[in-house]
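Written out below as structure tokens is the structure these notes cover.
Numbering (mature numbering (1 follows the signal peptide of the UniProt record, and there is no 0)), first residue to last: -17 to -1, 1 to 411.
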């Protein structure tokens, strides 16, 4: 009994010693694994099933290689530039105080967390963002230029925007609400995807030739992994184990479910049948749209956001692919880009505490009205959109000066698995 009492008396000191909270740390350790799980294998399988069988390995390879390359760049300078003080340039970019994680030991803290864990958690966000862009140029971009572009894009787009929003930059100072990556992840990836699709041009045979997914079982499996992993993505962005994380996970789940059902309802109405592809894509739309708002809104608002995501993103896919005839192969912009824009704007509305059942948890500054917060959100959307579009175009053109961006016609016909990697996804 005395030993038990002694252990119980020690618990507060274990949890709070030197500012470290072991509960928060345990949760973010778990969330970090969940977010990495979203890319490998979640996104890899989701995208892999959507391409034709002759290109499945190329997509898996791209996601895997981006994971490796981004991890090293984040260690070398990415984390420091995004999350350290940039001095006189801090509104725009951080400094190099933590290059190679310098000055970060196992005892260094970021709030109640080990700073090493904070850097690792943010690394998983940096990994998935350029991996999302893969869906736009799937089945036609060369491996070397893809990897070079991804690294340059991380440094030229992701890191600065991340600093603006989460690292104490100018959008953070204005009071932009982006809980888990509406601007930082989804708008940047979506806009970059749109630009990449325009620069590279459509796949051979687009739009006349049907290019159906080769393995929907793989895609739905990957979609399920994404849904589960998104709990770490949004819930982990609270950077603590508590009510904020719990509510973020709840609204994330509600929005995903609503987005899925809204999408297949639109699909059922327009095409006569609901599809597995539709329900999985609607889920991603619901998840991407709730992401920026997930720490600021309640469950009823999440239902509205998810339903809106399913409907608006569904018609965005039709508009981009069938009206504008832009071959964003796996619909990155109409799902992630449009969803990120929609969710960032919704955060400026449903964060209000005066909407009754649909109320959220207040605006970024005490003096803000809904119009003030919405204005900041709109500015964040426009700034992120324009900056990402311009820099992405420049980087693609720059990489294209040194190497052809896309495979030739014969290689595309043969498939990237054999043409670029001398391997087959299936040898049955």
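Every residue gets a Cβ at the ideal spot worked out from N, C-alpha and C, and that includes glycine.
Can you tell me whether residue i is buried or exposed, with buried defined as 16 or more other CB within 10 angstroms of its CB?
i: residue 387; result: exposed
i: residue 143; result: buried
i: residue 336; result: exposed
i: residue 246; result: buried
i: residue 214; result: buried
i: residue 75; result: exposed
i: residue -4; result: Unreliable positioning characterises residue -4 in this predicted model, as indicated by a pLDDT of 41, which lies under 50. The coordinate reading is nonetheless provided below. With fewer than 16 other Cβ atoms within 10 Å, it is exposed.
i: residue 41; result: buried
i: residue 409; result: exposed
i: residue 365; result: exposed
i: residue 122; result: buried
i: residue 37; result: buried
i: residue 243; result: buried
i: residue 317; result: buried
i: residue 113; result: buried
i: residue 250; result: buried
i: residue 329; result: buried
i: residue 468; result: Absent from the structure is residue 468, since the part of the chain shown begins at -17 and ends at 411.
For residue i, collect the residues of the same chain with a Cβ closer than 7 angstroms to its Cβ; drop the 5 residues on either side in sequence, then sort them by chain order.
i: residue 315; result: 115, 116, 118, 119, 172, 173 and 176
i: residue 332; result: 353 and 357
i: residue 282; result: 233, 234 and 237
i: residue 325; result: 272, 291, 292 and 295
i: residue 107; result: 15, 18 and 19
i: residue 145; result: 65 and 167
i: residue 368; result: 170 and 174
i: residue 58; result: 83 and 84
i: residue 33; result: 196, 202 and 313
i: residue 284; result: 333, 341 and 343
Who are the Cβ neighbours of residue i in its own chain at under 6 angstroms, not counting the five residues just before and after it?
i: residue 220; result: 162 and 163
i: residue 205; result: 25, 28 and 29
i: residue 321; result: 296 and 299
i: residue 224; result: 6, 7 and 10
i: residue 306; result: none
i: residue 182; result: 379
i: residue 399; result: 38 and 41
i: residue 267; result: 318
What's the C-alpha gap between residue i and residue j?
i: residue 433; j: residue 299; result: For the chain, the structure presents residues -17 to 411; residue 433 sits outside this window and is missing.
i: residue 35; j: residue 236; result: 30 angstroms
i: residue 17; j: residue 54; result: 16 angstroms
i: residue 375; j: residue 303; result: 19 angstroms
i: residue 257; j: residue 156; result: 45 angstroms
i: residue -9; j: residue 218; result: With a pLDDT of 42 at residue -9, under the threshold of 50, the modelled position of this residue cannot be trusted, and the question is left open.
i: residue 372; j: residue 185; result: 18 angstroms
i: residue 385; j: residue 101; result: 36 angstroms
i: residue 81; j: residue 65; result: 10 angstroms
i: residue 345; j: residue 288; result: 17 angstroms
i: residue 280; j: residue 209; result: 22 angstroms
i: residue 136; j: residue 378; result: 7 angstroms
i: residue 383; j: residue 47; result: 22 angstroms
i: residue 126; j: residue 50; result: 14 angstroms
i: residue 413; j: residue 229; result: A query on residue 413 cannot be resolved here, the shown segment of the chain reaching from -17 to 411 and no further.
i: residue 370; j: residue 140; result: 8 angstroms
i: residue 178; j: residue 90; result: 43 angstroms
i: residue 252; j: residue 87; result: 55 angstroms
i: residue 455; j: residue 392; result: No answer is possible for residue 455: the residues shown for the chain start at -17 and end at 411.
i: residue 394; j: residue 407; result: 14 angstroms
i: residue 264; j: residue 192; result: 22 angstroms
i: residue 129; j: residue 180; result: 13 angstroms
i: residue 269; j: residue 390; result: 34 angstroms
i: residue 22; j: residue 105; result: 14 angstroms
i: residue 350; j: residue 327; result: 20 angstroms
i: residue 151; j: residue 254; result: 47 angstroms
Please list the terminal residues of the continuous alpha helix (DSSP H) segment that includes residue i.
i: residue 192; result: Taken as a continuous stretch (DSSP letters only), residue 192 belongs to no alpha helix (DSSP H), as it is neither H nor E.
i: residue 128; result: 126 to 136
i: residue 41; result: 39 to 56
i: residue 393; result: 392 to 397
i: residue 338; result: Element bounds for residue 338: n/a, residue is neither H nor E.
i: residue 243; result: 226 to 254
i: residue 297; result: 282 to 301
i: residue 173; result: 171 to 183
i: residue 381; result: 353 to 385
i: residue 143; result: 142 to 149
i: residue 16; result: 5 to 20
i: residue 262; result: 259 to 273
i: residue 206; result: 199 to 213
Might you give, ordered along the chain, the residues of its own chain that have their beta carbon closer than 8 angstroms to the beta carbon of residue i, omitting 5 neighbours on each side?
i: residue -11; result: At residue -11 the pLDDT is 42, less than 50, meaning the model places this residue with poor confidence and gives no usable figure here.
i: residue 3; result: 92, 95, 96 and 97
i: residue 396; result: 187
i: residue 148; result: 154, 155, 159, 161, 166, 167 and 363
i: residue 79; result: 60, 63, 64 and 67
i: residue 52; result: 130, 133 and 134
Closest Cβ-Cβ distance between residue i and chain D: below 8 angstroms?
i: residue 403; result: Of the protein chains in this structure there is only one, and it is not chain D.
Curious, which full-length alpha helix (DSSP H) runs of at least 4 residues does the segment 52 to 131 contain? 62 to 66 and 98 to 120
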